[in-house]
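Heads up: the structure comes next, in structure tokens.
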Amino acid sequence: KIKRRDLDGAALFSVAAAIHRMLLAGLRETATVDVVQFNYCMGQVVLDWMEVLMCADSGKTKSSNRERILTRSLDYIRHHYRFDIKIRDLVDYTHSTSRNLQLVFKNQFGLTPLQFLRCYRLIKFHKALRQVGSVTEAAVASGLRHMGRLPDHYRAMFGENPTDYLSRMRGRDWHKRAECHCGHCRTGQ
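Letter by letter, the sequence shown follows residues 150 to 338 of the working numbering.
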């Protein structure tokens, strides 16, 4: 099994960014590159790594305080992402300080706890969008409350607007999950 302590999330994100820059620079030299599709695929690599980091076994041995904080935080996020989560909720649940919580997430993922929560919710939103077929219903089911910023956040992660994604999926056989090319829909995670 993969142990969370053996993975360095910030390093994985840095590697993904470096690979993205190198490949995009090389692909720009050819006339047939689809930058939106390429960015979307690279985003999926980062999302897959994020899922691996989140689901990695934290180990049965005595864990350090930071591992305990991370494990408890991820458990809380996994079970309460649909609700309004504040840093104070994570601090109380992990019996930590907000500064320590920030450090743990920055060291593991290169993100703040709230940035991580937004990414997690966007992944859930992407999956729900395909299932319910409505942006509003999928957003509510995923705990996303700020509909005004949702298209920008979704586009930054998936390379297109949620409505464009829905339109593209509706143009195909709606019931075939394999039509979505993201790693989460393809593997059914």
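Don't be surprised by glycine CBs; every beta carbon is placed ideally from N, CA and C.
| Check | Outcome |
| --- | --- |
| Cβ neighbour criterion (16 or more within 10 Å) applied to Lys-273 | buried |
| Given 8 Å, three or more beta-carbon pairs between the segment 248-262 and the segment 285-304 | no |
| C-alpha gap between His-324 and Phe-258, whole angstroms | Confidence at His-324 is low in this model, with a pLDDT of 47, below 50, so its placement is unreliable and the value that follows should be read with caution. Their Cα atoms are separated by approximately 34 Å. |
| Environment of Lys-276 [buried if 16+ CB atoms lie within 10 Å] | buried |
| Distance CB(Val-306)-CB(Leu-263) smaller than 9 Å | Strictly speaking, residue 306 in this sequence is Met, with Val absent from that position. Cβ distance not < 9 Å, so Met-306 and Leu-263 don't count as in contact. |
| Top-ranked residue by Cα proximity to Glu-216, from Asn-249, Asp-238, Gln-280, Thr-261 | Asn-249 |
| Neighbour flag for Glu-286 against chain B, beta carbons, 9 Å | Annotation note: the requested chain B is absent from the structure, which comprises a single protein chain. |
| Closest Cα partner of Gly-228 within the set Ser-247, Tyr-269, Leu-299, Arg-237 | The question names Gly, but residue 228 is His in the sequence shown. Per the Cα distances, Tyr-269. |
| Residue range of the alpha helix (DSSP H) that includes Arg-215 | 214-229 |
| Span of the alpha helix (DSSP H), counted from its first residue to its last, around Ser-245 | Counting along the chain, Ser-245 falls outside any alpha helix (DSSP H), and DSSP gives it neither H nor E. |
| Backbone secondary structure at Asn-310 - three-state DSSP | coil |
| 6 Å CB neighbourhood of Ile-218 in its chain, flanking five on each side removed | Thr-243, Ser-245, Val-253 |
| Phe-232, DSSP secondary structure in three states | coil |
| Three-state secondary structure (DSSP) of Leu-266 | helix |
| Residue environment, Ile-226, which counts as buried when at least 16 other CB atoms sit within 10 Å | buried |
| Local Cβ density within 10 Å of Ser-247, reported as buried at 16 or more and exposed below that | exposed |
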